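Engineer: Numbering (this note's numbering), first residue to last: 7 to 312.
Right, here's the structure in full:
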């Protein structure tokens with residue numbers, strides 16, 4: 007029997023799935039991050055090998071592998087990832103590399119003839135779309151320049167809000183109390199050094215650590231400051247969707263929008279975002295619970311036939 011492997015290579019974690027010719031996933035495996043921008047080429051190679059070797063050993067007749075990498079945004083990125091993959095995979099396996107948004111888009115909106123957009127809100131964020139031969143992206147330029155609306159963004163604003171309360175620039179909030187409780191600190195002065203220690207001593211864990219504070223919005227959902235931050239996160243992602251729709255020339259056309267990422271678990275974020283998009287684009291069709299691994303597997307089978 008011939009097998010196909012799909013990989014979702016995220017910035018903080020990765021996963022792989024094996025499927026037969028019918029596209030049904032029969033095995034899954036989780037692994038560490040695969041974004042070479044964050045962890046370097048050597049570590050990315052090591053992580054990819056750790057993720058794939060057990061699957062390649064068990065399923066010996068693998069025809070095609072599709073890997074969706076976070077951070078594959080330029081020709082230079084493609085060359086770097088090609089070099090990594092070449093060191094990991096046997097020569098007889100056909101490997102195709104995509105941006106992680108492309109494989110998720112394939113799972114969310116599989117009709118290539120219609121305009122389609124994917125909104126990612128995980129540790130990082132991104133908006134990606136396709137229509138015909140056109141491709142467009144907004145946000146997703148890393149946590150320093152453009153992961154607006156992401157779990158990292160939400161976590162950083164939770165921390166900033168707590169600092170503002172400590173300074174006296176804002177009134178006491180539920181969010182501030184939750185930040186201190188989660189960090190196990192009596193006040194913000196104890197937390198600030200710890201955050202910068204993460205930045206300097208554990209850079210590979212820094213994004214995940216900050217993003218972990220995004221989970222506090224669930225408990226703080228009635229807090230007025232928390233509501234404003236969630237509203238702004240939705241607005242940033244909606245702006246990304248509008249920008250991509252404009253680039254694709256589909257603002258007045260019906261199109262598909264898929265959502266993926268743990269950030270959407272925050273109460274209020276997805277409903278507010280859907281409302282903002284619907285207001286601008288009444289003909290839009292929404293798809294939830296997207297499985298990027300299925301998209302990667304589908305692409306592997308599709309390209310094996312071509």
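All C-beta atoms in this analysis are idealised placements derived from N, C-alpha and C, irrespective of residue type, glycine included.
Since the structure is predicted, the reported quantities are computational estimates derived from the model, not experimental observations.
1) Which residues in the same chain have their Cβ closer than 8 Å to the Cβ of residue 89, if we skip the five residues on either side of it in sequence?
2) Where does residue 65 fall in DSSP's three states?
3) What ranges does the alpha helix (DSSP H) occupy inside the segment 258-296, keeping only unbroken runs of at least 4 residues that lie completely in it?
4) Look at the alpha carbon of residue 173 and the alpha carbon of residue 294, and state the distance between them as a whole number of angstroms.
5) Do you know offhand how far residue 2's Cα is from residue 136's?
6) Return the chain-ordered list of same chain residues with a C-beta closer than 6 Å to the C-beta of residue 168, the five sequence neighbours on each side being excluded.
7) Out of 298, 70, 202, point me to the one whose CA is closest to residue 162's CA.
8) Locate the beta strand (DSSP E) running through residue 11, then write down its first and last residues.
9) What are the start and end residues of the alpha helix (DSSP H) that includes residue 304?
10) Using only CA atoms, which one of 274, 253, 197, 242 lies nearest to residue 225?
11) Determine the direct distance from the alpha carbon of residue 264 to that of residue 292, and round the result to whole angstroms.
12) Based on Cα-Cα distance, which residue from 22, 83, 107 lies nearest to residue 65?
13) Residues in its own chain within less than 7 Å of residue 7 by CB, not counting five upstream and five downstream?
14) Does the ligand SAM have even one heavy atom less than 8 Å from the beta-carbon of residue 260?
15) Would a C-beta distance cut-off of 9 Å place residue 256 and residue 38 closer than the cut-off?
16) With contact counted as at least three CB pairs below 8 Å, one residue from each stretch, are the segment 238-257 and the segment 276-289 in contact?
17) Buried or exposed, going by whether 16 or more other CB atoms sit within 10 Å of the CB of residue 96?
18) Do residue 133 and residue 74 have their C-beta atoms closer together than 9 Å?
19) Secondary structure at residue 101, three-state DSSP: helix, strand or coil?
20) Tell me whether the beta-carbon of residue 16 lies closer than 9 Å to the beta-carbon of residue 76.
21) Does the beta-carbon of residue 287 have 16 or more other beta-carbons within 10 angstroms, so that it is buried, or is it exposed?
22) Taking all protein chains shown into account, decide if residue 51 is buried (16 or more other Cβ within 10 angstroms of its Cβ) or exposed.
23) What residue range does the beta strand (DSSP E) around residue 38 cover?
24) Quick one, are the C-beta atoms of residue 261 and residue 216 less than 9 Å apart?
Structural biologist: This is what the structure holds:
1) Mapped onto the chain shown, residue 89 falls at position 83. Result list for residue 89: 47, in chain order.
2) Here residue 65 corresponds to residue number 59 of the chain shown, with the count starting at 1. Three-state result, residue 65: coil.
3) 275-286
4) Within the chain shown, residue 173 is the residue found at index 167, counting from 1. Within the chain shown, residue 294 is the residue found at index 288, counting from 1. So the two alpha carbons sit approximately 40 Å from each other.
5) There is simply no residue 2 to check, as the chain begins at 7 and stops at 312 in what is shown.
6) What you label residue 168 is simply residue 162 of the chain shown in a count that begins at 1. Answer for residue 168: 182, 185, 194, listed in chain order.
7) Locating residue 162 in the chain shown gives position 156, where the first residue counts as 1. Measuring from the Cα of residue 162, the nearest candidate turns out to be 202.
8) Residue numbering aside, residue 11 sits at position 5 when the chain shown is read from its first letter. That run of the beta strand (DSSP E) goes 9-15.
9) Position 298 of the chain shown, counted from the start, is the residue given in the question as residue 304. Run containing residue 304: 298-311, per the alpha helix (DSSP H) assignment.
10) Taking the chain shown and counting its residues from 1, the one referred to as residue 225 is at position 219. Selected option, being the one with the closest Cα: 274.
11) For the purposes of this step, residue 292 is taken as residue 286 along the chain shown, with counting starting at 1. For the purposes of this step, residue 264 is taken as residue 258 along the chain shown, with counting starting at 1. One C-alpha to the other measures close to 6 Å.
12) Translated into positions along the chain shown, residue 65 becomes position 59. Closest option to residue 65, Cα to Cα, is 22.
13) In the chain shown, counting from the first residue as 1, residue 7 sits at position 1. Answer for residue 7: 26, 67, listed in chain order.
14) Ligands are entirely absent from the displayed structure, and the ligand SAM is therefore not among its contents.
15) In the chain shown, the residue the question calls residue 256 occupies position 250. In the chain shown, the residue the question calls residue 38 occupies position 32. No; because the gap between Cβ atoms is not below 9 Å, this pair is not in contact.
16) yes
17) Taking the first residue of the chain shown as position 1, residue 96 is located at position 90. Exposed: under 16 other Cβ atoms inside 10 Å.
18) The residue labelled residue 133 in the question sits at position 127 within the chain shown. The residue labelled residue 74 in the question sits at position 68 within the chain shown. No, they are not a contact pair.
19) Numbered from its first residue, the chain shown carries residue 101 at position 95. Looking at residue 101 - three-state DSSP - the assignment turns out to be strand.
20) Residue mapping note: residue 16 aligns to position 10 of the chain shown, counting from 1. Residue mapping note: residue 76 aligns to position 70 of the chain shown, counting from 1. Yes; because the gap between Cβ atoms is below 9 Å, this pair is in contact.
21) Here residue 287 corresponds to residue number 281 of the chain shown, with the count starting at 1. So residue 287 ends up on the buried side.
22) Numbered from 1 along the chain shown, position 45 holds the residue referred to as residue 51. Looking at its Cβ environment, which holds 16 or more other Cβ atoms inside 10 Å, residue 51 is buried.
23) Counted from its first residue, the chain shown places residue 38 at position 32. That run of the beta strand (DSSP E) goes 31-38.
24) Indexing the chain shown from 1 puts residue 261 at position 255. Indexing the chain shown from 1 puts residue 216 at position 210. No.
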